[in-house]
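Colleague: In this note's numbering, the protein residues as written are 4 to 352.
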Ligand code: ADP
Ligand code: MG
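1. Look at the Cβ atom of residue 285, then the Cβ atom of residue 312, and state whether they are nearer than 9 Å.
2. State the Cα-Cα distance for the pair residue 82 and residue 61, rounded to the nearest angstrom.
3. So, using beta-carbon positions, are residue 185 and residue 205 closer together than 9 Å?
4. What separation, rounded to the nearest whole angstrom, lies between the Cα atoms of residue 305 and residue 350?
5. Going by DSSP, name the residue or residues bridged to residue 366.
6. Distance, Cα to Cα, residue 164 vs residue 252?
7. Roughly how many angstroms lie between the CA atoms of residue 209 and residue 152, to the nearest whole one?
8. Pull the bridge partners of residue 206 from the DSSP assignment, please.
9. With residue 281 as the anchor, note down where its beta strand (DSSP E) starts and where it stops.
10. Going by C-alpha to C-alpha distance, which of 241, 267 and 218 sits closest to residue 277?
11. Would the C-beta of residue 308 count as close to the ligand ADP, meaning under 8 Å from any of its heavy atoms?
12. For residue 274 and residue 307, what's the separation of their Cα atoms in angstroms?
13. Just mark residue 291 as buried or exposed, buried being the case when its beta carbon has 16 or more other beta carbons within 10 Å.
14. Quick one: is the Cβ of residue 167 within less than 8 Å of any heavy atom of the ligand ADP?
15. When DSSP builds the beta bridges, which residues end up paired with residue 32?
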């Protein structure tokens, strides 16, 4: 292949950062997105606007690229499958289908004998009656959720009526884990037993949205190793190609639980851009485009803060940063409450 043209579905900040990483590797990117104002427009080589089920537009996209990847999970399986007939889609569409469904995802993790919180499928309101053991818990839509969207914390059964929940959708009820902390582990897998794993990242959420990520995570050696090993098992079992992130809970008794899997680059890994020789984004591109793997080296400890909603304003006005601070503006046109607008990574030596 003389020139690789990589298609990326989704045009948010992750698509932007993937495009930046591709440019560094002399790979051209074509982004397909259903948002005319997608921020990644500013970073890719070519942009196609279309709905994710628009066959004609998708066809135009397929014709322009050699390989296709994606920056978010909520893409119709049919679309990924159809693209995959003509151009290789990585990670495989079947992996995305499994992980975009919270119930299928948790069943898969449990089959690997890895711990998750207790959970149950909820298809109608009365299913909740027999599940008092799972309270306090969180009711989540089985599909399409992100950044805490589609989630309802529930302490007692009778709260359900006040929440106005649309039971035409299907849900999962998860028992609340008494959290000591949350961590994530990012891996890029190139082939059988061929991968690079980043060290566990400690994450702090506010209103169920990621706010701070840092390395090193303040965890025991046991949790450090266990979380890395579980991540490797998941990636190997999926025969995953590309970058994947596993989000974990640690409870107050120091038990590790898998929260969820992201079959893609992840917000908690933004700090890998500055803190490692190869970022999660560059590694993803290297893996899906079959480029050479570079041995991973950590360069620095780091802390990242997400700028949510109007928190970005002051940094846009006054962009004086120290040498060890890296400010990213996602160039989103509209500032919205709870919207991730940018981030700052600080390297800590
Ligand atoms: P999303 O897809 O929105 O990231 P998550 O399932 O990761 O959804 O939930 C977002 C955050 O909400 C988690 O990172 C955690 O802070 C909190 N949370 C979700 N489920 C649970 C749970 N079962 N126990 C404790 N905290 C939870
Ligand atoms: Mg999550």
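Every residue gets a Cβ at the ideal spot worked out from N, C-alpha and C, and that includes glycine. Note that the structure is a prediction, hence the values are computed from the model and not measured.
Modeller: Considering the structure as presented:
1. The residue you call residue 285 lines up with position 282 of the chain shown. The residue you call residue 312 lines up with position 309 of the chain shown. No.
2. Locating residue 82 in the chain shown gives position 79, counting from the first residue. Locating residue 61 in the chain shown gives position 58, counting from the first residue. Between residue 82 and residue 61, the C-alpha separation is close to 8 Å.
3. Mapped onto the chain shown, residue 185 falls at position 182. Mapped onto the chain shown, residue 205 falls at position 202. Contact flag set, yes.
4. Taking the chain shown and counting its residues from 1, the one referred to as residue 305 is at position 302. Taking the chain shown and counting its residues from 1, the one referred to as residue 350 is at position 347. Cα-Cα distance, rounded: 4 Å.
5. Since the displayed the chain opens at 4 and closes at 352, residue 366 lies outside it and no answer follows.
6. The sequence position of residue 164 within the chain shown is 161, counting from 1. The sequence position of residue 252 within the chain shown is 249, counting from 1. Rounded to whole angstroms, residue 164 to residue 252 spans 29 Å at the Cα level.
7. As a position in the chain shown, residue 209 is number 206, starting the count at 1. As a position in the chain shown, residue 152 is number 149, starting the count at 1. C-alpha separation (whole angstroms): 13 Å.
8. The residue you call residue 206 lines up with position 203 of the chain shown. 185 and 216, per the DSSP bridge assignment.
9. By one-based count along the chain shown, residue 281 stands at place 278. Segment: none, residue 281 is in no beta strand (DSSP E) and carries neither H nor E.
10. As a working mapping, residue 277 is identified with position 274 in the chain shown. The shortest Cα separation from residue 277 among 241, 267 and 218 belongs to 218.
11. In the chain shown, counting from the first residue as 1, residue 308 sits at position 305. Incorrect: residue 308 has no Cβ contact closer than 8 Å to the ligand ADP.
12. As a working mapping, residue 274 is identified with position 271 in the chain shown. As a working mapping, residue 307 is identified with position 304 in the chain shown. Distance between the alpha carbons of residue 274 and residue 307: 6 Å.
13. As a first step, residue 291 is located in the chain shown; it is residue number 288 there, counting from the start. With 16 or more other Cβ atoms within 10 Å, it is buried.
14. By one-based count along the chain shown, residue 167 stands at place 164. Every heavy atom of the ligand ADP is 8 Å or more from the Cβ of residue 167, so no.
15. For the purposes of this step, residue 32 is identified with residue 29 of the chain shown, where counting begins at 1. DSSP, once it has assigned bridges, lists 9 as partnering residue 32.
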